[in-house]
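In our numbering, the protein residues as written are 99 to 481. Some notes on the structure that comes next.
In structure tokens form, the structure reads like this:
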């Protein structure tokens with residue numbers, strides 16, 4: 099079975115979604131008639147901090163709840179408004195700032211994008227395109243000198259519970275899973291050794307399906323790591339995260355990806371937003387107003403006979419209507435929210451990142467429990 103990096107449809111791995119031969123691309127966007135190069139002499143790079151590392155209502159993981167899926171999961175149709183705001187300040191003038199923003203909610207697979215708008219100050223023309231992985235990228239450049247850059251992205255999106263696997267999938271993964279080759283290989287932030295593979299083998303001991311294995315790995319990673327804001331950086335390796343046994347949502351996702359891939363399980367990194375009013379209880383009042391949250395990260399794993407299934411290792415959740423996906427890739431490097439380059443001698447500066455979310459039109463209904471959760475609970479009782 100083959101899979102499109104930009105979605106769930108099958109494709110020949112030798113051909114990219116655009117029809118061009120697949121190849122490794124830089125994360126630099128292209129402007130009409132101009133190529134944006136990597137930072138050269140006199141140029142400096144800037145990018146946003148780790149997702150989940152900003153203070154906010156969702157800066158901590160939701161509490162793990164040992165309950166059946168029938169209690170955990172509800173079906174819902176939710177209208178969510180999002181405002182993403184990033185401000186860079188510099189101690190001296192900079193110029194020729196060129197940036198790539200990935201903040202737009204995805205459209206499809208349980209999400210419907212109703213509105214999206216980007217504003218940049220100082221004013222800049224925004225050029226948008228879809229990258230290799232299917233994520234919308236908004237590019238803009240500011241030639242004039244400036245000491246402050248503000249980017250605001252407003253979105254309205256309708257979410258619902260994503261489809262649950264109708265097939266539990268064979269385990270261990272069949273050879274056909276190699277159709278997702280790009281999500282089986284090491285990537286800039288996801289590498290593994292025998293220790294990681296052993297961790298995965300122990301976590302999946304006794305499972306009989308891909309769905310069970312996916313949940314087992316998620317549970318093992320969530321129980322092994324503790325959430326600690328500021329304990330890691332963007333470039334912290336999976337090995338280091340495992341050694342210190344702590345991190346933020348990005349790190350939970352990277353460790354989970356390493357474990358999945360070490361077992362021959364195609365898995366990809368997802369960047370998005372998580373709507374949560376109370377980070378200490380995880381409860382979501384019906385009439386919640388605007389709340390401060392953070393960007394979030396989770397994973398999607400390939401289930402034979404179904405496609406991609408989204409899981410949140412940080413919060414031990416099956417991804418639902420409270421999650422808003424921006425895009426996916428091999429790891430954080432492919433879906434960095436905002437990155438760019440500028441010319442100047444600025445050495446010191448400031449970065450402020452914030453996300454505000456509100457919801458309306460919430461309707462809920464009970465859904466059928468996931469068989470894997472029910473089975474896993476029975477197995478634990480027998481043990």
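Where a beta carbon is used, it is the ideal one built from N, C-alpha and C, also for glycine. Bear in mind the structure is a predicted one, so any value in this text is a computation, not a measurement.
Item checked: Extent of the continuous beta strand (DSSP E) run through residue 212 -> Along the chain shown, one-based indexing puts residue 212 at 114. Looking at the DSSP string, the run of the beta strand (DSSP E) that includes residue 212 is 209-219.
Next item on the list: Check each candidate in 250, 342, 201, 362 and name the one with the smallest Cα separation from residue 368.
Entry: Position 270 of the chain shown holds residue 368. If we check each option's Cα against that of residue 368, 201 comes out closest.
Check: Which term fits residue 310, buried or exposed, when burial requires 16 or more other beta carbons within 10 angstroms of its beta carbon?
Finding: Counted from its first residue, the chain shown places residue 310 at position 212. By the neighbour-count rule (16 or more Cβ atoms within 10 Å), residue 310 is buried.
Margin query: Given this structure, state the Cα-to-Cα distance separating residue 299 from residue 289, to the nearest angstrom.
Written below: On the chain shown, position 201 is the one that residue 299 refers to. On the chain shown, position 191 is the one that residue 289 refers to. In a straight line, the C-alpha of residue 299 is about 16 Å away from that of residue 289.
Checklist line | Terminal residues of the beta strand (DSSP E) in which residue 243 lies | finding: By 1-based counting over the chain shown, the position of residue 243 is 145. Where residue 243 is concerned, there is no enclosing beta strand (DSSP E), given that its DSSP letter is neither H nor E.
Next item on the list: Check residue 283 in the structure and name its three-state DSSP category.
Entry: Looking up residue 283 in the chain shown gives position 185. Coil, per DSSP.
Notebook entry, point to check: For the stretch 320-381, which segments carrying the alpha helix (DSSP H) assignment without a break, of at least 4 residues, lie completely within its bounds, in sequence order?
Noted result: 336-342, 347-360
Next item on the list: Excluding the 5 residues preceding and the 5 following residue 403 in the sequence, name in chain order all residues of the same chain whose CB lies nearer than 7 Å to its CB.
Entry: Reading the chain shown from its first residue, position 305 is the one you call residue 403. Contacts found: 265, 267.
Item checked: Outcome for residue 360 when other beta-carbon atoms lying within 10 angstroms are tallied against a minimum of 16 -> Walking along the chain shown from the start, residue 360 turns up at place 262. Buried, because 16 or more other Cβ atoms sit within 10 Å of the Cβ of residue 360.
Check: Does the distance from the C-beta atom of residue 307 to that of residue 269 stay below 9 Å?
Finding: Here residue 307 corresponds to residue number 209 of the chain shown, with the count starting at 1. Here residue 269 corresponds to residue number 171 of the chain shown, with the count starting at 1. Yes, the Cβ-Cβ distance between residue 307 and residue 269 is below 9 Å.
Next item on the list: Go ahead and label residue 455 buried or exposed: buried means 16 or more other beta carbons lie within 10 angstroms of its beta carbon, across all protein chains shown.
Entry: Sequence index remark: in the chain shown, residue 455 carries index 357 (1-based). Per the 10 Å Cβ criterion, buried.
Note to self: Please report the distance separating the alpha-carbon of residue 211 from that of residue 292.
What the structure shows: As a working mapping, residue 211 is identified with position 113 in the chain shown. As a working mapping, residue 292 is identified with position 194 in the chain shown. Whole-angstrom Cα-Cα distance: 42 Å.
Margin query: Spatial neighbours of residue 388 within its chain, please: C-beta separation below 6 Å, excluding the five flanking residues on both sides.
Written below: Mapped onto the chain shown, residue 388 falls at position 290. Only 454, 456 meet the Cβ criterion.
Check: With respect to the beta strand (DSSP E) encompassing residue 298, which residues constitute its N-terminal and C-terminal limits?
Finding: Here residue 298 is taken as the residue at index 200 of the chain shown, counted from 1. Note, residue 298: premise wrong, no beta strand (DSSP E); alpha helix (DSSP H) at 292-301.
Item checked: Contacting residues, own chain, Cβ-Cβ under 6 Å from residue 187 (five flanking each side not counted) -> Residue mapping note: residue 187 aligns to position 89 of the chain shown, counting from 1. Counting only Cβ-Cβ distances below 6 Å, and skipping sequence neighbours, we find 246, 447, 448.
Next item on the list: Ignore the nearest five residues each way along the sequence and tell me which others in residue 356's own chain have a CB closer than 8 Å to its CB.
Entry: Mapped onto the chain shown, residue 356 falls at position 258. Closer than 8 Å at the Cβ level, and outside the excluded window around residue 356, lie 288, 289, 290, 294, 336.
Check: Since residue 417 is in the beta strand (DSSP E), which residue starts that stretch and which ends it?
Finding: On the chain shown, position 319 is the one that residue 417 refers to. First-last for residue 417: undefined, no H or E at that position.
Check: Taking all protein chains shown into account, do 16 or more other C-beta atoms lie within 10 angstroms of the C-beta of residue 206, making it buried, or fewer, making it exposed?
Finding: By 1-based counting over the chain shown, the position of residue 206 is 108. With fewer than 16 Cβ atoms within 10 Å of its Cβ, residue 206 is classed as exposed.
Margin query: Checking 9 Å against the spacing of the C-beta atoms, do residue 183 and residue 248 come in under that value?
Written below: As a position in the chain shown, residue 183 is number 85, starting the count at 1. As a position in the chain shown, residue 248 is number 150, starting the count at 1. Yes; because the gap between Cβ atoms is below 9 Å, this pair is in contact.
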